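Remarks on the structure that follows.
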Amino acid sequence: MRAKKRIVIVGGGTAGWMAAAALSSMLPRQEFSIDLVESEQIGIIGVGEATLPHLRHFNETIGVDETEFLKATSATLKLGIEFVNWGDVGERYIHPFGDFGRTIQGAKFHQVWRKLNPDASAGDIGKYSLPVRMCEAGKFDFPESDYRAITSTYGYAYQFDATRYAPFLRKIAEGRGVRRTEGIVNAVNQASENGDIVSIELDNGALLTGDYFIDCTGFRGVLIDQTLKAGYEDWSHWLPCDRAVAVPSAATSPILPYTRATAHEAGWQWRIPLQHRMGNGHVYSSSFIDDDKAEAILRANIEGELKAEPRVLRFRTGRRKQFWSRNCVSVGLASGFLEPLESTSIHLTQLAITNFIELLPVSSDMSRERDEYNAIMAREFERVRDFLILHYHVTRRHDSAFWNHVRTMEIPTTLQEKIDLFSARGRVARYQQGLFLEPSWLAVYLGQGLIPAQPDGSASQLDDAELAARIAALDSEIGSAVSRMPHHDNKLAALVQAGRAAQ
Ligand SMILES: Cc1cc2nc3c(=O)[nH]c(=O)nc-3n(C[C@H](O)[C@H](O)[C@H](O)COP(=O)(O)OP(=O)(O)OC[C@H]3O[C@@H](n4cnc5c(N)ncnc54)[C@H](O)[C@@H]3O)c2cc1C
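For the sequence shown, the numbering used here gives the first residue as 4, with consecutive numbering after it.
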């Protein structure tokens, strides 16, 4: 019998327990043992409430029942993000989890829309997106699987209480054999011949040995940074927000099926509706406003009564130079952080875990897998980074030093090339991997007022009057689909009730 490979996860926040639940679900128990170390004394960061549709796949893979999850985490259903004051003060648009319109005789919908838009006859492109219209009407229903139906053209995610997901996953992971140890890592022992981590020592005297270590210790990066010095690539010159002040408030009614991101003088504010409360936070750049002003802006823009004292969180935008160093993989905040504007952090955690699992098992020389992993994760982080910068850079705002800075700053060439391509004829750069696909880029480009100089010509042979009739028909098809759907509040209440009744 071969000895089991020992995996030691350090950290029990969202990242640590996601890793534990996924590893214990997807790896053969006879080949791997999994330990998790966490410290109640240190605690978790406890923010991070809005997610992307991919999390559903993660939950399904580890066998989570959706209704149980909605109940346990007080979650709501999310169809996208509303951006207020980004293109300019007073403007708004929704970045939905779904498509804009349908291809018409081989021409992409946004090209048709652009062709009809010199005289603005096509109106706002959001009108032709089912999830946008659902958000506006406060409606929710599950998407259909028949791809011909308009009701199959969207996905959905969740907004949940960040302090409840990890305990929920802990039950699953412990049920599948993960051993949890309480304690603070005091010392990390490395092999003299190659620097691999061999064991960690805890303040209570416990010693845990391992073949692989997963650093989920949050911003501290106890293994990846403090021990292995994997380095950090700082991106704050492109994404200058470096703090957030967060506070929960009383729930408001109706509970809307989307997150709102409202731009302010030197940053933006999130509003995330949960079943039992509202999550709020103001992300800002400390180079442009101080903590007191940031808190005052937040307080002035919250609807309900505050449920706690606001708390300030600091971060440095960027990523680890090496996500996987020696025999240690960093996951979650330990691997880097990109501000929460597009709810990407938990998704990057999910990617880190699934990519690591796909590369297991590895031999004692793990350099090839490590290089492959580091390349994949670097690409994912960079693509999210570019998408976030787009929101700040493609703006007409000139009402504060912050907006003047981000509007005029130099941006990565990878992003500039994409913007140039779209500006000319509305083409969206494609890639094989990367989180945000064409509809997402369209939502932000068009939502923030970047209209291509001309359409790409694919609709040039088509008659304008016929196109106008087709898109008018689409508008009413979407309208009647939305009118048949239940309100998000009611749908959610029925789901949670049904779950209770089934119990
Ligand atoms: C302002 C803000 C808003 C955010 N909003 C979103 C969002 O809307 N959507 C989203 O997807 N993400 C969001 N995130 C990111 C999200 O919070 C994190 O991805 C998520 O909480 C995972 O955190 P973590 O588990 O990596 O770290 P943490 O929650 O910090 O957990 C670290 C763990 O390590 C343990 N630990 C640390 N040091 C030691 C030690 N020496 N010994 C033993 N244990 C130790 C701690 O006890 C804890 O268990 C946001 C982050 C911030 C800062």
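Just so you know, even glycine gets a beta-carbon here, dropped at the ideal spot from N, CA and C.
Model, not experiment: these values are computed from the prediction.
Practice task
List the endpoints of the continuous alpha helix (DSSP H) containing tyrosine 131.
Solution key: Here the question's residue 131 lines up with position 128 in the sequence shown. Premise fails: tyrosine 131 is in no alpha helix (DSSP H) and is neither H nor E.
Practice task
Could you tell me which of His394, Pro489, Ser42 and Ala475 sits nearest to alanine 446, measuring between CA atoms?
Solution key: Your numbering for residue 446 matches position 443 in the sequence shown. Selection His394, Pro489, Ser42 and Ala475 evaluated against alanine 446 yields His394 as nearest (Cα-Cα).
Practice task
Flag valine 40 as yes when its Cβ comes closer than 7 Å to any non-hydrogen atom of ligand 1, and as no otherwise.
Solution key: As a first step, residue 40 must be located in the sequence shown, where it is residue number 37. Under cutoff, so the answer is yes.
Exercise for the section: Round the Cβ separation of asparagine 192 and valine 201 to the nearest angstrom and send it over; I've been treating them as touching at under 8 Å. Expected result: Residue numbering aside, residue 192 sits at position 189 when the sequence shown is read from its first letter. Residue numbering aside, residue 201 sits at position 198 when the sequence shown is read from its first letter. Rounded, the Cβ-Cβ distance is 5 Å, consistent with contact.
Practice task
State yes or no: is the C-beta of proline 251 nearer than 7 Å to some heavy atom of ligand 1?
Solution key: Along the sequence shown, one-based indexing puts residue 251 at 248. The answer is no for proline 251.
Handout entry: Own chain partners of arginine 183 with C-beta closer than 6 Å, once the 5 adjacent residues on each side are dropped
Key = Here residue 183 is taken as the residue at index 180 of the sequence shown, counted from 1. Short of 6 Å from the beta carbon of arginine 183, and not among the five residues preceding or following it, lie these beta carbons of its own chain, in chain order: Leu39.
Handout entry: Any non-hydrogen atom of ligand 1 within 7 Å of arginine 223 CB
Key = Stepping through the sequence shown from its first residue, residue 223 is reached at position 220. Correct: arginine 223 has its Cβ closer than 7 Å to ligand 1.
Exercise for the section: Please confirm if the segment 375 to 384 is in contact with the segment 74 to 81, defined as three or more CB-CB distances below 8 Å between the two stretches. Expected result: Cβ pair count under 8 Å is below three, so no.
Exercise for the section: Mark glycine 126 as exposed unless 16 or more other C-beta atoms lie within 10 angstroms of its C-beta, in which case mark it buried. Expected result: The residue given as residue 126 occupies position 123 in the sequence shown. Label assigned to glycine 126: exposed.
Practice task
Below 7 Å CB to CB, which residues in the same chain sit around leucine 231 once its five sequence neighbours on both sides are set aside?
Solution key: Residue numbering aside, residue 231 sits at position 228 when the sequence shown is read from its first letter. Closer than 7 Å at Cβ, skipping near neighbours: Ser328, Arg329 and Cys331.
Practice task
Please say whether isoleucine 128 and phenylalanine 103 have beta carbons closer to each other than 8 Å?
Solution key: In the sequence shown, the residue the question calls residue 103 occupies position 100. In the sequence shown, the residue the question calls residue 128 occupies position 125. Contact: yes.
Practice task
Report yes if the CB atom of cysteine 219 is closer than 8 Å to the CB atom of alanine 337, and no otherwise.
Solution key: As a position in the sequence shown, residue 219 is number 216, starting the count at 1. As a position in the sequence shown, residue 337 is number 334, starting the count at 1. Result yes, Cβ atoms of cysteine 219 and alanine 337 sit closer than 8 Å.
Problem - Length of the line joining the Cα atoms of histidine 279 and threonine 416 - result: Translated into positions along the sequence shown, residue 279 becomes position 276. Translated into positions along the sequence shown, residue 416 becomes position 413. Cα-Cα distance, rounded: 44 Å.
Practice task
Report the option in Met412, Ile414 and Thr106 whose CA atom is closest to the CA atom of arginine 509.
Solution key: One cannot answer for residue 509 here, as it falls past the ends of the chain, which runs 4 to 506.
Practice task
Decide if glutamine 272 is buried, meaning its Cβ has at least 16 other Cβ atoms within 10 Å, or exposed.
Solution key: Here residue 272 refers to the residue found at position 269 when the sequence shown is read from its first residue. Result: buried.
Practice task
List the DSSP bridge partners of isoleucine 200.
Solution key: Numbered from 1 along the sequence shown, position 197 holds the residue referred to as residue 200. DSSP, once it has assigned bridges, lists Gln193 as partnering isoleucine 200.
Practice task
Let me know if methionine 488 comes out buried or exposed under the rule of 16 or more other beta-carbons within 10 Å of its beta-carbon.
Solution key: Within the sequence shown, residue 488 is the residue found at index 485, counting from 1. The residue in question, methionine 488, is buried, as its Cβ has 16 or more Cβ neighbours within 10 Å.
Problem - Buried or exposed by the 16-neighbour rule on C-beta atoms within 10 Å, applied to glutamate 383 - result: Along the sequence shown, one-based indexing puts residue 383 at 380. Counting Cβ neighbours within 10 Å, glutamate 383 comes out buried, since at least 16 surround it.
Problem - Cβ neighbour criterion (16 or more within 10 Å) applied to glutamate 333 - result: Here residue 333 corresponds to residue number 330 of the sequence shown, with the count starting at 1. Note on residue identity: the sequence assigns serine, not glutamate, to residue 333. Counting Cβ neighbours within 10 Å, serine 333 comes out buried, since at least 16 surround it.
Handout entry: From Gly16, Gly15, Gly51 and Ile45, residue whose alpha carbon lies closest to that of threonine 1
Key = Since the displayed the chain opens at 4 and closes at 506, residue 1 lies outside it and no answer follows.
Problem - Minimum C-alpha distance to phenylalanine 340 - residue among Val250, Ala427 and Glu236 - result: One-based indexing of the sequence shown puts residue 340 at position 337. Of the listed residues, the one whose Cα sits closest to phenylalanine 340 is Glu236.
Handout entry: Burial state of asparagine 407 (16 or more Cβ within 10 Å)
Key = Within the sequence shown, the letter at position 404 stands for residue 407. Residue environment: asparagine 407 is assigned as exposed (fewer than 16 neighbouring CB atoms within 10 Å of its CB, all protein chains considered).
Problem - Whole-Å CB distance - glutamate 268 paired with phenylalanine 86, under 8 Å assumed - result: As a working mapping, residue 268 is identified with position 265 in the sequence shown. As a working mapping, residue 86 is identified with position 83 in the sequence shown. Rounded, the Cβ-Cβ distance is 16 Å, inconsistent with contact.
Exercise for the section: Given a cut-off of 8 Å, decide if histidine 490 and glycine 141 are closer than it, judged by their beta-carbon atoms. Expected result: The residue given as residue 141 occupies position 138 in the sequence shown. The residue given as residue 490 occupies position 487 in the sequence shown. Yes, they are a contact pair.
Problem - Cα-Cα separation between glycine 221 and glycine 15, rounded to whole angstroms - result: Here residue 221 corresponds to residue number 218 of the sequence shown, with the count starting at 1. Here residue 15 corresponds to residue number 12 of the sequence shown, with the count starting at 1. Distance between the alpha carbons of glycine 221 and glycine 15: 9 Å.
Exercise for the section: May I ask you to report which of helix, strand or coil DSSP gives asparagine 358? Expected result: Within the sequence shown, the letter at position 355 stands for residue 358. Three-state DSSP puts asparagine 358 in a helix.
Practice task
Check whether the Cβ of serine 346 lies closer than 7 Å to any heavy atom of ligand 1, and answer yes or no.
Solution key: Reading the sequence shown from its first residue, position 343 is the one you call residue 346. Because some heavy atom of ligand 1 lies under 7 Å away, the Cβ of serine 346 counts as near it: yes.
Practice task
Just the C-alpha distance for proline 442 and arginine 314, rounded to the nearest angstrom, thanks.
Solution key: Residue 442 sits at position 439 when you count from the first residue of the sequence shown. Residue 314 sits at position 311 when you count from the first residue of the sequence shown. So the alpha carbons of these two residues sit roughly 35 Å apart.
Problem - Validate contact between the segment 11 to 29 and the segment 108 to 121 using beta carbons, cut 8 Å, 3 pairs - result: The segment 11 to 29 is not in contact with the segment 108 to 121.
Exercise for the section: Determine the DSSP secondary structure at phenylalanine 72, reduced to helix, strand or coil. Expected result: By one-based count along the sequence shown, residue 72 stands at place 69. Helix.
Exercise for the section: Identify which residue in Ser239, Pro170, Phe291 and Ile187 has its Cα closest to the Cα of valine 225. Expected result: Stepping through the sequence shown from its first residue, residue 225 is reached at position 222. The residue with the shortest Cα to Cα distance from valine 225 is Ile187.
Handout entry: Neighbourhood of serine 132 by C-beta, 7 Å cutoff - its chain only, sequence neighbours within 5 removed
Key = Residue 132 sits at position 129 when you count from the first residue of the sequence shown. Around serine 132: Pro99, Gly101, Asp102 and Phe103.
Exercise for the section: Determine, using beta carbons only, whether alanine 176 and tryptophan 20 come nearer to each other than 8 Å. Expected result: The residue given as residue 176 occupies position 173 in the sequence shown. The residue given as residue 20 occupies position 17 in the sequence shown. Yes, Cβ-Cβ distance for alanine 176 and tryptophan 20 is below 8 Å.
Practice task
Grab me the residues of lysine 324's own chain with a C-beta within less than 8 Å of its C-beta, minus the 5 sequence neighbours each way, in chain order.
Solution key: Indexing the sequence shown from 1 puts residue 324 at position 321. Around lysine 324: Ala233, Gly234, Tyr235 and Glu236.
Problem - Segment limits, alpha helix (DSSP H) that includes arginine 388 - result: Locating residue 388 in the sequence shown gives position 385, counting from the first residue. First-last of the alpha helix (DSSP H) with arginine 388: 370 to 396.
Exercise for the section: Using 7 Å as the cut-off, classify the Cβ of isoleucine 305 as near or not near the heavy atoms of ligand 1, replying yes or no. Expected result: Counting from one through the sequence shown, the residue named residue 305 turns up at place 302. No.
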